[in-house]
Amino acid sequence: MGASLPPKEANLFKLIVVSPDSLSLFVPIGVSIETLSMKGLTLNCMDRKSEAYELVRLGLKNDLKSHVCWHVYGLLYRSDREYREAIKCYRNALKIDPDNIEILRDLSLLQISLLEECGSLERALEELHKKGSKIVDKLAYKEQEVSLLVKLGRLEEAAELYRVLLAMNPDNYRTDKEPPSTLMWTLFFLAQHYDRRRQYEIALTKIDEAIEHTPTVIDLYSVKIFDAGMSEPILKHAGDLAAASALADEARCMDLADRYINSECVKRMLQADQVVLAEKTALLFTKDGDQHNNLHDMQCMYELASGESYFRQGDLGRALKKFLAVEKHYADITEDQFDFHSYCLRKMTLRAYVAMLKFQDSASKKELESQIRSQMIGVLMSTESGSGMMLLFELCWKFHCIKDVWWFSKKEAEVKNEESSASGVSKSGKRHVKPADPDPNGEKLLQVEDPLLEATKYLKLLQKNSSDSLETHLLSFEVNMRKQKILLALQAVKQLLRLDAENPDSHCCLIRFFHKVGSMTAPVMDTEKLIWRVLEAERPSISELHEKSLIEANKFFLEKHKDSLMHRAAVAEMQYVLEPNKKSDAIKLIEDSANNLVPVNGALGPVKGWKLKDCIAVHKLLETALTDHDAASRWKVRCADYFPYSTYFEGKCSSAMPNSVYNQIGKNHENGSASLPGGGKIADSVASNGKLEAFKELTI
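Residues 1 to 700 (the UniProt record's numbering) are what the sequence shown spells out, left to right.
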């Protein structure tokens, strides 16, 4: 119990309590009227607003010249956010007592707030500065000022003022108590921040902290292993696809009814080349019966990632069959579009109809471009074996054109017709039994008489529909160089220089082309002489080679891009092409590259310049084009330090290392089979319709 008031103060308190209700209050004495207004202000704070307004109005009725009553009346209006009425009351109070600092302060802040709400931020700031000398509460003054500066976008001034406020009141914790999940979501976003800065080790540490804090939130796993909305998978960027696959399966088991999580899990498994396991997981959400056909009929288009996986494993036939399935999906969508024309017009759903038409056009255009581009690669892959095949594999990896391979052949058309006829239903209602696939491994698809001729057909369509794509002209250059079409190859080079002359691939094509031209024999036939004259006329118009030899142009390109890894690699490759006896200098050019911090726009700050895919490309360049296994080994060891989670470089934290924590999660022993920590196989733990027989064995 608190201490009681002294006798004098206790008597005054009793007098205050009794006086407002006594009849002596109505004696025309100004102080009693003001006391009545103060009581109204007290009642307003007790949320008895109607009584408060009655008392204040009663006070004004008895004395209209009381600045206290007008001030209190304005305070009541301000508490109810009636700012215009409050300003009127303050002005009446100032007419009676123009030198009252408290009234001036309240009026100025109210005028500023009103201007701020109206959007007149500049006027509000001017009003604040004008009345600054009369505002006693300097803390509130500066808080209002910094709020206006932030809204006006004057961030440097606002930051300086915030530092002043922190110096004035460093213990200001004016905020609500946050729930425990706030820490989890802070770690969630912080992990994505470090992932964008390519600091994968810190990013994984932060997301692991968040998972340890609340292990039942699937969104946390989405950042670690899934492409969820705007977030990207950290483990994928770090280079450990096997661990991402195993963790994705654990996240899937947390909610077996979630189709999206299941699809993302399948995606990670296919990226880790676990095709059999991925297909079993995808079939969990299909109907009973012929599940593979059901998955195909639903147009899931998982075949795209599946075909890429088969391509990486060198199974070209199966890859082509999967890509052909994607082509059939788009053909079916185009065919179904005709059924919607009359329906949409009859139902008058014109907006949806127009949107569908626009989507179909844009989707078809983009899909056609990528399909034809990859069709050429698919055709080229089916040419000669041996060194030619290795060259084609290198080409595909270099151009990143593995996606959407598109193949048309009479034999495959016959196979499709057989499949469509076998999938029908007889008049008796019995479903035909589907015959065995005559080409399960896609070997018939690899047979073609003239692959470059077929590639040229689709290349022309690609040039027509995607003429502004750099990849289009890169592929055009490769095809025409193999066909010895010199002028068409020159046309491709000029288009590359027009689109992006600073691109490493554009530079390589330029040097390779004129090096090839320089090594050609003297023209004999009239057509050869005509081609030679065209080349002599065109070379001076290329600014990159103006009055320079190829070696000088290569060195000049290096000077412009000496801090870029991929540009240095391109220069090194071309140096080896131009001067094979200086291979050691070319390798040294790559090994002298530094992983410097690169400034970027925004709040990310500087990030590391090297990307994992670029380092992998350089390693393959050292292995194949430069054929130096020792240099490739040194590069692998160096990159293993930069990318400790990369399985390609066998980083110390990757699942490829026996002592890594991710090695205990899951490891590929064969295609489509991953191991559990207990020794079982993940593939064996997947049952139909979301049932897991070995769920208890799945531990991380």
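Ideal Cβ positions, reconstructed from N, Cα and C, are used throughout, including at glycine.
Cβ-heavy atom distance, residue i to the ligand FAD, below 7 Å
{"i": "Asp80", "result": "You won't find the ligand FAD in this model; it holds no ligand whatsoever."}
Which of helix, strand or coil DSSP assigns to residue i
{"i": "residue 702", "result": "One cannot answer for residue 702 here, as it falls past the ends of the chain, which runs 1 to 700."}
{"i": "Lys347", "result": "helix"}
{"i": "His341", "result": "helix"}
{"i": "Arg197", "result": "coil"}
{"i": "Tyr645", "result": "coil"}
{"i": "Lys611", "result": "coil"}
{"i": "Met184", "result": "helix"}
{"i": "Ala553", "result": "helix"}
{"i": "Pro440", "result": "coil"}
{"i": "Asn480", "result": "helix"}
{"i": "Ile101", "result": "helix"}
{"i": "Arg539", "result": "helix"}
{"i": "Glu9", "result": "helix"}
{"i": "Ala632", "result": "helix"}
{"i": "Arg154", "result": "coil"}
{"i": "Leu15", "result": "helix"}
{"i": "Thr527", "result": "helix"}
{"i": "Phe323", "result": "helix"}
{"i": "Gly467", "result": "One point to set straight first is that residue 467 is Ser, not Gly, in the sequence displayed. Ser467: coil per DSSP, three-state reduction."}
{"i": "Glu449", "result": "coil"}
{"i": "Ile616", "result": "helix"}
Contact under 8 Å by Cβ, residue i with residue j
{"i": "Ile103", "j": "His71", "result": "yes"}
{"i": "Ala167", "j": "Leu148", "result": "no"}
{"i": "Leu462", "j": "Arg482", "result": "no"}
{"i": "Ala158", "j": "Tyr200", "result": "no"}
{"i": "Ala257", "j": "Leu270", "result": "no"}
{"i": "Leu545", "j": "Asp500", "result": "no"}
{"i": "Ala282", "j": "Val266", "result": "yes"}
{"i": "Ser37", "j": "Cys69", "result": "yes"}
{"i": "Leu43", "j": "Leu55", "result": "yes"}
{"i": "Ile87", "j": "Leu107", "result": "yes"}
{"i": "Lys142", "j": "Leu155", "result": "no"}
{"i": "Lys131", "j": "Ile96", "result": "no"}
{"i": "Leu187", "j": "Glu209", "result": "yes"}
{"i": "Asn480", "j": "Ala489", "result": "yes"}
Residue from the options with nearest C-alpha to residue i
{"i": "Gly518", "options": "Ile551, Leu121, Tyr194", "result": "Ile551"}
{"i": "residue 702", "options": "Ser222, Leu453, Gln274", "result": "Lying outside 1 to 700, the shown extent of the chain, residue 702 is not represented and no answer is given."}
{"i": "Ala553", "options": "Cys509, Leu43, Val266, Tyr83", "result": "Cys509"}
{"i": "Arg57", "options": "Phe513, Tyr194, Leu76", "result": "Leu76"}
{"i": "Glu623", "options": "Asn595, Tyr642, Ile590", "result": "Ile590"}
{"i": "Ala246", "options": "Asp219, Leu220, Gln274", "result": "Gln274"}
{"i": "Leu304", "options": "Gln313, Ala319, Gly314", "result": "Ala319"}
{"i": "Met254", "options": "Asp240, Asp219, Lys280", "result": "Asp219"}
{"i": "Asp641", "options": "Lys652, Ala632, Ala631, Gly307", "result": "Lys652"}
{"i": "Lys151", "options": "Leu139, Leu121, Tyr141", "result": "Leu121"}
{"i": "Glu528", "options": "Glu559, Tyr53, Leu487, Leu139", "result": "Leu487"}
{"i": "Lys611", "options": "Thr627, Ala594, Leu161", "result": "Ala594"}
{"i": "Arg539", "options": "Ile207, Gln491, Asp628", "result": "Gln491"}
{"i": "Met566", "options": "Asn581, Asp592, Pro438", "result": "Asp592"}
{"i": "Ile211", "options": "Arg197, Phe189, Arg196", "result": "Phe189"}
{"i": "Lys206", "options": "Val217, Thr216, Met184, Arg197", "result": "Met184"}
{"i": "Lys494", "options": "Ser543, Val524, Met520", "result": "Ser543"}
{"i": "Asp614", "options": "Asp195, Phe338, Phe649", "result": "Phe649"}
{"i": "Phe285", "options": "Ser309, Tyr260, Ser306, Asn11", "result": "Tyr260"}
{"i": "Val146", "options": "Asp137, Pro233, Val164", "result": "Val164"}
{"i": "Val326", "options": "Tyr302, Phe338, Glu126", "result": "Tyr302"}
{"i": "Leu204", "options": "Ala191, Arg197, Thr214, Glu573", "result": "Ala191"}
First through last residue of the alpha helix (DSSP H) which encompasses residue i
{"i": "Thr281", "result": "275 to 282"}
{"i": "Met520", "result": "Per DSSP, Met520 belongs to no alpha helix (DSSP H) and is neither H nor E."}
{"i": "Tyr302", "result": "First-last for Tyr302: undefined, no H or E at that position."}
{"i": "Ser654", "result": "Where Ser654 is concerned, there is no enclosing alpha helix (DSSP H), given that its DSSP letter is neither H nor E."}
{"i": "Asn92", "result": "83 to 96"}
{"i": "Met566", "result": "565 to 578"}
{"i": "Ile590", "result": "583 to 591"}
{"i": "Asn62", "result": "49 to 62"}
{"i": "Val68", "result": "67 to 79"}
{"i": "Ile486", "result": "486 to 500"}
{"i": "Asp249", "result": "241 to 254"}
{"i": "Ile234", "result": "234 to 238"}
{"i": "Glu178", "result": "Counting along the chain, Glu178 falls outside any alpha helix (DSSP H), and DSSP gives it neither H nor E."}
{"i": "His129", "result": "121 to 130"}
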